[in-house]
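Engineer:
Number of protein chains: 2
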Amino acid sequence: MPLLNETHDPSLKSWVNSANDGQTDFPIQNLPFGVFRRKGRDESFRGGVAIGDQIVDIAAAVKAGVFSGDALAPAQAATESTLNHLMSLGPQRLSHLRKALSKALQTGATQEVALNACLVPQAHAEYALPARIGDYTDFYTSVHHATNIGKQFRPDNPLLPNYKWVPIGYHGRSSSIGVSGQAFKRPKGQIKPPDADAPVLKPSARLDIELEMGVFVGRANALGEPVPITEAEDHIFGLVLFNDWSARDIQPWEYQPLGPFLAKNFASTVSPWVVTMEALAPFRVPFSHPADDPQPLPYLSSAHNSAHGGLDIHLEALIETPKMRAAQAAPSRFTQTNYRHAYWTAAQMVAHHTVNGCNLQPGDLLGTGTLSGPTLDSACALIELTTGGKNPIQLPNGESRTWLEDGDTVILRGWCEKPGAARIGFGECVGTVLPATTP
Amino acid sequence: MPLLNETHDPSLKSWVNSANDGQTDFPIQNLPFGVFRRKGRDESFRGGVAIGDQIVDIAAAVKAGVFSGDALAPAQAATESTLNHLMSLGPQRLSHLRKALSKALQTGATQEVALNACLVPQAHAEYALPARIGDYTDFYTSVHHATNIGKQFRPDNPLLPNYKWVPIGYHGRSSSIGVSGQAFKRPKGQIKPPDADAPVLKPSARLDIELEMGVFVGRANALGEPVPITEAEDHIFGLVLFNDWSARDIQPWEYQPLGPFLAKNFASTVSPWVVTMEALAPFRVPFSHPADDPQPLPYLSSAHNSAHGGLDIHLEALIETPKMRAAQAAPSRFTQTNYRHAYWTAAQMVAHHTVNGCNLQPGDLLGTGTLSGPTLDSACALIELTTGGKNPIQLPNGESRTWLEDGDTVILRGWCEKPGAARIGFGECVGTVLPATTP
């Protein structure tokens, strides 16, 4: 498939007016998939597509006869209560559905009347996870994050010798991943201050975020069958925003020798709308390692990955403290970065993950790891922004934060924009810290 | 519930004669659950219970009206294609089903004729995973294994300071877990010899086993709700044998700083029959840490765990090489140990895993980690038995093994026996190494 087609035409307009304001995350060029239902109704979760401030209820649209031909099978898959089946179909069949949706939502489309009856305002919706996540793997693809963290955990040895060869990753917890809006209790854990003789069990006092992107796996590979990097993108369905909440005081005591565990698995949050790889096509950018660095081994290298492997996605994190909420003040942005700074691409993550024969399944989630950029103000976790808790960040209302406090809400946002292309957004990934259980 | 009841009576006999020979793994006092179907038939996988050399087809037995009262609902749950629903019901309801099965299978039972028609010979069956495994966590509960491995990876610092405080665990891969009989290709991966400048991609030359037990989670806990250790066993369904195959040359290069990944996630194998906690009741033993060691923090400590937390389960690993197979020679045992040597109990694994609010779900699998005993000949991985590949093990047919070779089959077995109780076995956990894909 060529990267770009008529669905990317920036001049396309929709008969859904809110999709045309140039500011929405969801213009007709985006068409991300999610799982929703109407709030307060006794009805099933089902697949939907965001357009402006509305959702196309795909089940209703299938019933209304909006889809036919090659678009019908993927549309039927998108009526289910998870998108795993849709994800399994692969990019070609997904592209048929995208094309049909693009046509049916365009100004002047003959399907306007039928499809208009299938719209649900996003303001009236609630969301579920886009997929049943079988396995979740978190990578570590920002060399800047790895270096910043390494300095704090291993001052003498910040970036380990394997980093520039191996797309480092580890398995995370699927069961505690929630969709935007997730509120979770501050975790307790064994914490051992450096000067104490013994650990104690107590609530984490160093609760942090990790601003990441999540990659939803599409088509499966069979156990024992590695995915060559030249085919890796055929196994990627799309991307979401992802917050991998972390307890920085639990982590250092537990993480040797087998890696992070309870410091991470109490909660992770994804945004509800999965932006497909096809929607992101206009924002692909060249990808390379610095000339002085080791070049990727052949199984991690392809001409396509070098020419188009990077993704130019602006990312930011904002905080809304209880005081801001009470004062109805706007949330405050405390960092911003871009996914293009990652040291390994999504395709490299897939090729590496499967090189030993490991089987990825539709709906599996691959985290990119914290996407800190090259400068301190583009760091994507408080542990970096505050230099390990030494320098609190100042908020515009006079508050400061070293770590997250009870009641704090963190909002991740992401979007792509450039001249000659429609702006594409990811919506929001929102999570709130509740107090720890007592005692 | 008291630990022992009439289902444990060692004098019970079954009208299924093969259950009464004193040597079977599956006497009437065991009654483990699995998921099976008849080989070569176009039929669904469904729940079954092993008795002697037969399987009780629970779906057929429900249809035949064998179950009633409190046993009916759990029996109906056991007719499904995975045991997740049955597991979710908790130990009390499971106990009703066990009691009904024990009565119906006893010599002289009125249900003999009806139930006899529901038997399928194990020789005619094939198995599926007992449950859809949502998340798999591997622990590290043998202090002997941790010390032996630590000596090789960190000679100056074999046992890390957290080991005796924290039940160390990490997340593993669910998708590549298979049931006994699994054959998997030798994994490839980045391997960097100590004296090389750069890693290369090649098939692992140091393929190993890890003899573990797997703990299937029963009743769920909600996100944010830790399971107190006093209730932890209510969340455990039962135990299986578990082989966590490992590539020892991939592991050292990739595992820092986030833990093992591709060295482990290419395959893991469980035995088909889940032996319930109730069946294991006669083999509970006192549990304690050595007096000189730190005593567990309160959230990891209970009177019940001290009195009954250990499990006296004999374990062994055997190898069948292609030459043995060709010569029709018996597989050769190369190590044996006992689960009672573990440093942390299954209840402590559950209490620790959930103390931060992490939610366990029915069918989740918790590995104990390699269960090496206190002496070198009870080590449960080749990396220990061969001292990191320096001293091959000698096999009785004149062959030797440093690491696994293509075509090798490894068989794990486990059983409990003591005077005054019926012998309870786990069956076998069998896996075979296939050659790596070329190129």
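Protein chains in written order, with my numbering: chain F, 1 to 439; chain A, 440 to 878.
Where a beta carbon is used, it is the ideal one built from N, C-alpha and C, also for glycine.
Note that the structure is a prediction, hence the values are computed from the model and not measured.
Pick helix, strand or coil for valine 639 of chain A, following the three-state DSSP scheme.
Structural biologist: Collapsing the DSSP output to three states places valine 639 of chain A in a strand.
Engineer: So with CB distances below 9 Å, who are the chain F contacts of isoleucine 607 of chain A?
Structural biologist: Residues of chain F passing the Cβ test: Glu254, Gln256, Pro257, Leu258 and Phe261.
Engineer: Just the chain C side, please: which residues come within less than 8 Å of asparagine 30 of chain F by C-beta, in chain order?
Structural biologist: Of the protein chains in this structure, namely F and A, none is chain C.
Engineer: Tell me alanine 128 of chain F's beta-bridge partners as DSSP assigns them.
Structural biologist: F:Val35
Engineer: Going along chain A in order, which residues have a C-beta closer than 8 Å to the C-beta of phenylalanine 441 of chain F?
Structural biologist: No information on residue 441 of chain F is available, as it lies outside the stretch 1 to 439 that chain F covers here.
Engineer: What does tryptophan 842 of chain A touch in chain F if you count any residue whose Cβ is under 7 Å from its own?
Structural biologist: The premise fails here: tryptophan 842 of chain A is roughly 16 Å from chain F at the closest Cβ pair, so nothing lies under 7 Å.
Engineer: What is the C-beta distance between glutamine 561 of chain A and isoleucine 494 of chain A, in whole angstroms, given that I count them as a contact (C-beta under 8 Å)?
Structural biologist: 6 Å
Engineer: Cβ of asparagine 704 of chain A less than 8 Å from any chain F Cβ?
Structural biologist: yes
Engineer: From what residue to what residue does the alpha helix (DSSP H) around methionine 324 of chain F run?
Structural biologist: 322-326
Engineer: How many angstroms separate the CA atom of glycine 169 of chain F from the CA atom of leucine 739 of chain A?
Structural biologist: When rounded, the distance between both Cα atoms is 30 Å.
Engineer: For the beta strand (DSSP E) holding glutamate 212 of chain F, just list the boundary residues, first then last.
Structural biologist: 211-217
Engineer: Under 7 Å Cβ to Cβ from glutamine 182 of chain F, same chain only, skipping five residues before and after it: list those, please.
Structural biologist: Cβ neighbours of glutamine 182 of chain F beyond the five flanking positions: Ala267, Thr269 and Gly431.
Engineer: Specify the secondary structure class of proline 737 of chain A as computed by DSSP and reduced to three states.
Structural biologist: Three-state DSSP puts proline 737 of chain A in a helix.
Engineer: Just the chain A side, please: which residues come within less than 7 Å of serine 174 of chain F by C-beta, in chain order?
Structural biologist: Gly573 and Asp574
Engineer: If we cut at 8 Å on Cβ distances, does alanine 198 of chain F have a partner in chain A?
Structural biologist: yes
Engineer: Taking the alpha carbon of histidine 834 of chain A as the reference point, which residue from A:Asn601, A:Met763 and A:Gly491 has its own alpha carbon closest?
Structural biologist: Reading the sequence as shown, one finds leucine at residue 834 of chain A and not histidine. Per the C-alpha coordinates, the member of A:Asn601, A:Met763 and A:Gly491 positioned closest to leucine 834 of chain A is A:Met763.
Engineer: Tell me the DSSP secondary structure of histidine 728 of chain A in three-state form.
Structural biologist: coil
Engineer: Between F:Val355, F:His352, F:Pro374 and F:Asp364, which lies nearest to glutamine 336 of chain F when the distance is taken from Cα to Cα?
Structural biologist: From the listed residues F:Val355, F:His352, F:Pro374 and F:Asp364, the smallest Cα separation to glutamine 336 of chain F is found for F:Pro374.
Engineer: Leucine 365 of chain F touches chain A at which residues, Cβ-Cβ below 9 Å?
Structural biologist: Neighbours of leucine 365 of chain F on chain A: none; closest Cβ ~12 Å, over 9 Å.
Engineer: Report the partner residues of threonine 708 of chain A according to the DSSP bridge assignment.
Structural biologist: A:Gly617 and A:Asn682
Engineer: Could you confirm whether any beta carbon from chain F is found closer than 8 Å to the beta carbon of leucine 815 of chain A?
Structural biologist: no
Engineer: Could you give the first and the last residue of the continuous beta strand (DSSP E) run that contains valine 552 of chain A?
Structural biologist: For valine 552 of chain A, there is no enclosing beta strand (DSSP E); the enclosing alpha helix (DSSP H) covers residues 551-555.
Engineer: The beta strand (DSSP E) that contains alanine 503 of chain A, what's its start and end?
Structural biologist: No beta strand (DSSP E) contains alanine 503 of chain A, which DSSP labels as neither H nor E.
Engineer: Anything in chain F within Cβ reach of lysine 627 of chain A, meaning under 8 Å, just list it in chain order.
Structural biologist: Pro226, Val355, Asn356 and Gly357
Engineer: Would you call the CB atoms of proline 665 of chain A and valine 794 of chain A closer than 8 Å?
Structural biologist: yes
Engineer: Using a Cβ-Cβ distance cut-off of 8 Å, determine whether asparagine 162 of chain F contacts chain A.
Structural biologist: yes
Engineer: Using CA atoms only, rank isn't needed, just tell me which of A:Ser534, A:Gly504, A:Ser520 and A:Ile588 is closest to threonine 549 of chain A.
Structural biologist: A:Gly504
Engineer: Rounding to the nearest angstrom, what Cα-Cα distance links glutamate 231 of chain F and aspartate 574 of chain A in this structure?
Structural biologist: In a straight line, the C-alpha of glutamate 231 of chain F is about 27 Å away from that of aspartate 574 of chain A.
Engineer: Is the beta carbon of isoleucine 51 of chain F less than 8 Å from the beta carbon of alanine 19 of chain F?
Structural biologist: yes
Engineer: Taking tryptophan 165 of chain F as the query, report the chain A residues whose CB atoms sit under 9 Å from its CB, ordered along the chain.
Structural biologist: Gln629, Lys631, Ala637, Pro638 and Trp692
Engineer: Out of curiosity, what's the CA-to-CA distance linking leucine 241 of chain F and proline 282 of chain F?
Structural biologist: 19 Å
Engineer: Enumerate in chain order the residues of its own chain whose CB-to-CB distance from aspartate 25 of chain F is below 6 Å, with the five nearest sequence positions on each side excluded.
Structural biologist: Gly425 and Gly427
Engineer: So leucine 851 of chain A contacts chain F; which residues on that side make the cut at Cβ distance below 9 Å?
Structural biologist: The premise fails here: leucine 851 of chain A is roughly 20 Å from chain F at the closest Cβ pair, so nothing lies under 9 Å.
Engineer: Below 8 Å on the Cβ atoms is my contact criterion, and I expect aspartate 234 of chain F with arginine 248 of chain F to pass it. Report the Cβ-Cβ distance as a whole number of Å.
Structural biologist: Their Cβ separation, rounded to whole angstroms, is 38 Å, which puts aspartate 234 of chain F and arginine 248 of chain F out of contact at 8 Å.
Engineer: What number of angstroms, rounded off, separates the C-alpha of aspartate 377 of chain F from the C-alpha of cysteine 416 of chain F?
Structural biologist: 20 Å
Engineer: Name the one or two DSSP bridge partners that isoleucine 191 of chain F has.
Structural biologist: F:Val200
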